[in-house]
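Protein chains in written order, with my numbering: chain A, 1 to 399; chain B, 400 to 566. Every residue, glycine too, gets a C-beta built ideally from N, C-alpha and C. Values in this document were obtained by computation on a predicted structure and should not be read as measured data. This report refers to the structure that appears directly beneath it.
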Amino acid sequence: MVRVENDLQGEILELSFGPQHPATHGTLQIVMELDGEKVLNVEPHIGFLHTGFEKLAEHMSYNQFVTVTDRMNYLSPLSNNIGFSLAAEKLFGIEIPKRGQYIRVLMSELSRIADHLVSIGTAAMDLGAMTVFLYGFREREKLYDLFEWATGARLTTSYTRVGGLMADLPEDFPDAVLKWVKQFPKTIDEIEKLLNHNRIFQDRTYNIGVISKEDVIKYSLTGPVARASGINYDMRKDLPYSSYEDFEFEVPVGENGDAFDRYLVRMEEMRQSLGIVKQVLANLPDGDVNIDPDSKLTLPGKDEVYTTIEGLIHHFEVTMENRGILPPVGEIYMGTESPNGELGFYIVSNGKREPYRVRIRPPSFINYTIFKKLMKGAMFSDIVSNLGSLNIIAGELDR
Amino acid sequence: MSEFTEKIKLKFPDEILEGPEFDSEDAVSVKSDKILDILDYCRTDAGMRFEFLTDLTAVDFLELDSPERLAVIYVLRNMASMETLILRAFMFGDEEIDTVSEIWHSAEWLEREVWDLFGIKFKGHPNLKRILMPDDYEGHPLRKDYPLKGRGERDSFKIIQRERERY
Chain A
1 MVRVENDLQG EILELSFGPQ HPATHGTLQI VMELDGEKVL NVEPHIGFLH
51 TGFEKLAEHM SYNQFVTVTD RMNYLSPLSN NIGFSLAAEK LFGIEIPKRG
101 QYIRVLMSEL SRIADHLVSI GTAAMDLGAM TVFLYGFRER EKLYDLFEWA
151 TGARLTTSYT RVGGLMADLP EDFPDAVLKW VKQFPKTIDE IEKLLNHNRI
201 FQDRTYNIGV ISKEDVIKYS LTGPVARASG INYDMRKDLP YSSYEDFEFE
251 VPVGENGDAF DRYLVRMEEM RQSLGIVKQV LANLPDGDVN IDPDSKLTLP
301 GKDEVYTTIE GLIHHFEVTM ENRGILPPVG EIYMGTESPN GELGFYIVSN
351 GKREPYRVRI RPPSFINYTI FKKLMKGAMF SDIVSNLGSL NIIAGELDR
Chain B
400 MSEFTEKIKL KFPDEILEGP EFDSEDAVSV KSDKILDILD YCRTDAGMRF
450 EFLTDLTAVD FLELDSPERL AVIYVLRNMA SMETLILRAF MFGDEEIDTV
500 SEIWHSAEWL EREVWDLFGI KFKGHPNLKR ILMPDDYEGH PLRKDYPLKG
550 RGERDSFKII QRERERY
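So, in structure tokens, the structure goes:
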């Protein structure tokens, strides 16, 4: 803390919030000028977790980069995997079989629920409601057990490949998901009972951090933040990918654009995601999850590799550095609806095994640009309401 | 080529550049001098209405066949029809381009990132300084001539010595 100047109103404090602070939920710093409880100005500093993912991508093949996308939004790694693989598939000009697409929808909706649970839980915890965090994490833990079962890892899932998935679902997996889906709405109801009519929670989120419709366009906001302000903008509905057009769901839209509406939109999105999960499980088609291995893009089955020489050669041809199918020379932009907003990948390919340039459009980074405007003239205690409701994930912010 | 790229070509015939030669959905290459006029046309013209700046980034075309080395990429979206338009603005000479942070405030940080990683200057930007890399960093790491493992920055880290042996 540094004393800046003295006047009759009292002293103006320069206060540094973070980079290591429990309420930032990540490594980011905010330098504030305070006049008592009032915030005069904020200056967010980011980049503490910058790891150079975009530079790394230029030295990795398309399948290798999937592992890096796990580390971006570490609350919903499966959404990142799916987003990148869809972008790469658009570049290669392929579409995976229906079963694979449906499993991707299933996984991205489950990870959306897991992301929203943490987002709501931590936001509520910062505002004093510890129970919500614990209830949320209890359900998230069950989800992570399911992810571990299907993908082999809790966080570093790396589940997708260009042209399909790492593996099909385990045999009993759909039943286990259904079992989880049946008991989950109780938790949503519990959270709503705890928060919706909670005086403290209402006081700290009503009319806090109000974002107007015009600001949504001016600041390129997407995801729940944009929808809470009344902009009906959802990539799943507007530009359907991975068979989202097959499913019935509503896009919740708020009216006031404040922190409370962002919370309500996230809660309703979880209900809609549950609906999608049920539809996927009811209509899960049979068949392969990967495109035909004869395309020389995906690996042949392990039984074939271990027992036949043709299978082994095939495996070798796909994985070795100087072999395999090469992408066309070109550029694509592909946006998907990740839990935080539009996660886009802009890929330029020069026809080599490695992409020439991969640009990640990080929803957290762009949603965070409005933070300075929200905080100017607000109260000091609003900072956690705003940070929590924007859901800033440092891994994705800095890449 | 779609109707939108055709429209831009008709409206700004002198600004259009040919290449780079590759597959693309809906993209057009332009000179960077009048980028504000072109973006304004895309944003406000009744037949275009690309009012949402989805993304702003840059590409270093050093190893590809293209009109110039550096290009700023604007990914625009029409919120009603959800069509996407990609503009590539190539810079000749001084590697400078007008800022769009007055129109889209989100571009303020996106342009800072492009300056940080590519070294493209944005004329009229309110606060053009590094955002992801440290303030005292030299070089622009996403340029193609910047090596993956850096230019020896790791070797110059200060090594702290213990003052005394552990007892």
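Shortest Cα-Cα distance from A/Gly209 to any of A/Asn196, A/Thr156, A/Val225 and A/Ala57 involves A/Val225. In the same chain as A/Ser381, and ignoring 5 residues on each side of it, the C-beta atoms closer than 8 angstroms to its own belong to Glu37 and Arg204, in chain order. By DSSP's assignment, A/Asn41 forms a beta bridge with A/Glu33. Residue-level contact by beta carbon fails for B/Ala470 and chain A, as no gap is shorter than 8 angstroms. For the region 504 to 516 of chain B, the set of positions with a beta-carbon nearer than 9 angstroms to some beta-carbon of chain A reads His504, Ser505, Ala506, Glu507, Trp508, Leu509, Glu512, Asp515 and Leu516 in chain order. The beta-carbon distance between A/Ile332 and A/Leu91, rounded to whole angstroms, is 5 angstroms. This is short enough to meet the 8 angstroms contact definition. By the neighbour-count definition (other C-beta atoms within 10 Å, threshold 16), A/Ser212 is an exposed residue.
The C-alpha of A/Arg236 lies about 43 angstroms from the C-alpha of B/Arg550. With fewer than 16 neighbouring CB atoms inside 10 Å of its own CB, B/Ala445 falls in the exposed class. With a contact defined as Cβ atoms closer than 8 angstroms, A/Ser220 and B/Ser480 miss out at about 18 angstroms. With contact defined as three or more Cβ pairs closer than 8 angstroms, the region 446 to 460 of chain B and the region 505 to 517 of chain B are in contact. Rounded to whole angstroms, the separation of the alpha carbons of A/Lys218 and A/Thr308 is 59 angstroms. Under the DSSP assignment, A/Val210 falls outside any beta strand (DSSP E); it carries neither an H nor an E label. Under the 8 angstroms criterion on CB atoms, B/Met490 is classed as non-interfacial with respect to chain A. Restricted to the region 369 to 398 of chain A, the alpha helix (DSSP H) segments that are unbroken, complete and at least 4 residues in length are 371 to 375, 382 to 390 and 394 to 398, listed in chain order.
Taking a Cβ-Cβ threshold of 7 angstroms, the residues of chain A close to B/Pro540 are Gly52 and Lys55, in chain order. Under the Cβ criterion of 8 angstroms, A/Glu342 is counted among the residues facing chain B. For A/Ile94 and A/Ser338, the gap between their C-alpha atoms comes out near 22 angstroms.
A/Asn290 sits buried, since 16 or more C-beta atoms from the chains shown fall within 10 Å of its C-beta.
Linking B/Leu416 to A/Arg353 through their CA atoms gives a straight-line distance of about 28 angstroms. Among the CB atoms of chain A, one or more fall inside 8 angstroms of the CB of B/Phe451. Taken atom to atom, the span from the alpha-carbon of B/Asp534 to that of B/Lys528 is near 8 angstroms.
One alpha carbon belongs to A/Gly47, the other to A/Tyr263, and they sit about 27 angstroms apart.
Looking at the backbone, the Cα of A/Tyr206 and that of A/Val358 are separated by about 40 angstroms. Taking 8 angstroms as the upper bound on Cβ-Cβ separation, chain B lies near residues Pro328 of the region 307 to 328 of chain A.
By the Cβ neighbour-count rule, A/Leu374 is buried, with 16 or more other Cβ atoms within 10 Å of its own.
Within the region 218 to 243 of chain A, the residues whose Cβ lies closer than 9 angstroms to any Cβ of chain B are, in chain order, Lys218, Tyr219, Ser220, Leu221, Thr222, Ile231, Tyr233, Met235, Asp238 and Leu239.
Counting only residues of its own chain and dropping the five nearest sequence neighbours on each side, A/His116 has a CB closer than 7 angstroms to the CB of Arg266, Glu269, Met270 and Pro339. Counting along the chain, the unbroken beta strand (DSSP E) around A/Val358 starts and ends at Arg357 to Arg361. If the five residues before and after A/Glu317 are omitted, its C-beta is found closer than 7 angstroms to the C-beta atoms of Lys296, Arg323 and Gly324, all from its own chain and listed in chain order.
Bridge pairing for B/Asp454: B/Val474 [DSSP]. Judged by their CB atoms, A/Phe84 and A/Phe365 are not nearer to each other than the 8 angstroms cut-off.
Using beta-carbon distances, B/Ala445 does not count as an interface residue toward chain A, since no partner is under 8 angstroms. At a cut-off of 8 angstroms, the C-beta of A/Ile332 has a neighbouring C-beta in chain B. In chain order, Ser242 and Ser243 place their CB closer than 6 angstroms to the CB of A/Gln101, counting only its own chain and leaving out the 5 sequence neighbours on each side.
In the structure shown, B/Ile519 adopts coil according to DSSP, grouped into three states.
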